[in-house]
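J.: I am attaching a structure below and will ask some questions about it afterwards.
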Amino acid sequence: MMVNTVTGAIAPTALGLTLMHEHIIFGYPGYQGDVSLGGWDAERARTEVKTQVALAQSFGVKTLVDATPNECGRDPEFLKAISEETGLQIVCATGYYYEGEGGTTYFKFRSALTDIAKEIYDMMMTEVTVGIGKTGIKAGVIKLASSKDVITDYEKVFFLAGARVAQETGLPIITHTQEGTMGPAQARLLTEAGVPPNKIMIGHMDGNMNLAYHEETLAYGVRVAFDRCGIQMMVGMPFDNQRIDLFAQLVQKGYVERLHLSHDVICSWLGRPLEMPAPVAELMKNWHLGNVFQNILPGLQAQGLTDAQVRQIMVENPQALFS
Numbered sequence: 009m010m011v012n013t014v015t016g017a018i019a020p021t022a023l024g025l026t027l028m029h030e031h032i033i034f035g036y037p038g039y040q041g042d043v044s045l046g047g048w049d050a051e052r053a054r055t056e057v058k059t060q061v062a063l064a065q066s067f068g069v070k071t072l073v074d075a076t077p078n079e080c081g082r083d084p085e086f087l088k089a090i091s092e093e094t095g096l097q098i099v100c101a102t103g104y105y106y107e108g109e110g111g112t113t114y115f116k117f118r119s120a121l122t123d124i125a126k127e128i129y130d131m132m133m134t135e136v137t138v139g140i141g142k143t144g145i146k147a148g149v150i151k152l153a154s155s156k157d158v159i160t161d162y163e164k165v166f167f168l169a170g171a172r173v174a175q176e177t178g179l180p181i182i183t184h185t186q187e188g189t190m191g192p193a194q195a196r197l198l199t200e201a202g203v204p205p206n207k208i209m210i211g212h213m214d215g216n217m218n219l220a221y222h223e224e225t226l227a228y229g230v231r232v233a234f235d236r237c238g239i240q241m242m243v244g245m246p247f248d249n250q251r252i253d254l255f256a257q258l259v260q261k262g263y264v265e266r267l268h269l270s271h272d273v274i275c276s277w278l279g280r281p282l283e284m285p286a287p288v289a290e291l292m293k294n295w296h297l298g299n300v301f302q303n304i305l306p307g308l309q310a311q312g313l314t315d316a317q318v319r320q321i322m323v324e325n326p327q328a329l330f331s
């Protein structure tokens, strides 16, 4: 099994130190209309992205999975340019965001006239086997997302299409859970649809600090990601020290081979530059591509995480997910 990166296929063993859920560029649907005051500034974006990439690479990061959904500004050619200019291996995704914040109108409108389940399957399958648009760049992961407290009927169409593509291609699935909910439900839906649990990474699990919630999800055999490190007291997220404590418990309980760490960082926002109010900026000051290495892993090592376990989480687990 080879891994599709934006510059071509590589072996899983070539992934190296990997961040499994980040965003090189991202914009909430609607940014496209703010062209007068928030138009695309390629140079600004390049500068912001390269600053973050350099930080990640200073800690030895070799690969980054860009989890940006199709309708949130995913730009495979920009990702390829960044990869070629920096040497960072980038894997891009195919998929749509959750109903509450995604670009839902297109497929909802079409659903009254055609079979969108087939259309979504065809879209994903084309993007992972032929390429995205006319770029020839193939997606390397399938991105799925659910709402707070529910997987809506709209979202379920994507989950089932993505599950089918995953089964037929062997590509992994990475997910978005909203505010610490639906991890077990996502795991159940995808495994019952036939996806091998080892190929499923349930994302944003650090939005829930209940150990039982994590063990209920892990009971399906899937992987879980604490992939919003640095996001504190926003979108249902805890403080980083709480993340560290719960992650350490999961390691101690023997789940280390199915755990992942990342940040969900947006290196450059599409639309107008986003300036956070001072109190929010203080809470979010460690939301960058170095936080896992500067704060999270040292905190875990203080609770007994070994060098071998660090390698397991950051190198071997991503490799196994893609194998």
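Our numbering numbers the first residue of the sequence shown as 9 and each following residue consecutively.
Just so you know, even glycine gets a beta-carbon here, dropped at the ideal spot from N, CA and C.
1) Classify M132 as buried or exposed, calling it buried when 16 or more other Cβ atoms lie within 10 Å of its own Cβ.
2) Give every residue of the same chain whose Cβ lies closer than 8 angstroms to the Cβ of Q257, excluding the five residues on either side of it in the sequence, and list them in chain order.
3) If we ignore side chains and look at the alpha-carbon of each, how far apart do V318 and V230 end up?
4) Take L168 as the anchor and find which of T185, E200, E93, G139 has the nearest alpha-carbon.
5) In its own chain, which residues sit with a C-beta less than 6 angstroms from the C-beta of C100, not counting the 5 before and 5 after it?
6) Could you name the residues that DSSP lists as bridge partners for N12?
7) Taking the Cβ atom as the reference point for each residue, do I274 and F34 lie within a distance shorter than 7 angstroms?
8) Do the region 93-110 and the region 21-39 touch if we need at least three Cβ pairs shorter than 8 angstroms?
9) Does DSSP put E30 in a helix, a strand or coil?
10) So A233 and H29 are in contact, right, with Cβ under 8 angstroms, and what is the actual spacing, rounded?
11) So is Q97 buried or exposed if we call it buried at 16+ other beta carbons inside 10 Å?
12) Considering only the beta carbon of each residue, do G262 and D235 sit closer than 7 angstroms?
13) So, do the region 298-305 and the region 265-272 have three or more beta carbon pairs nearer to each other than 8 angstroms?
14) Output the boundary residues of the alpha helix (DSSP H) element that contains T59.
15) What is the rounded straight-line gap between the Cα of W48 and the Cα of V57?
T.: This is what the structure holds:
1) buried
2) L219
3) 19 angstroms
4) E200
5) V14, D74, P84, L87, A147
6) A17
7) yes
8) yes
9) strand
10) 6 angstroms
11) buried
12) no
13) yes
14) 50-66
15) 14 angstroms
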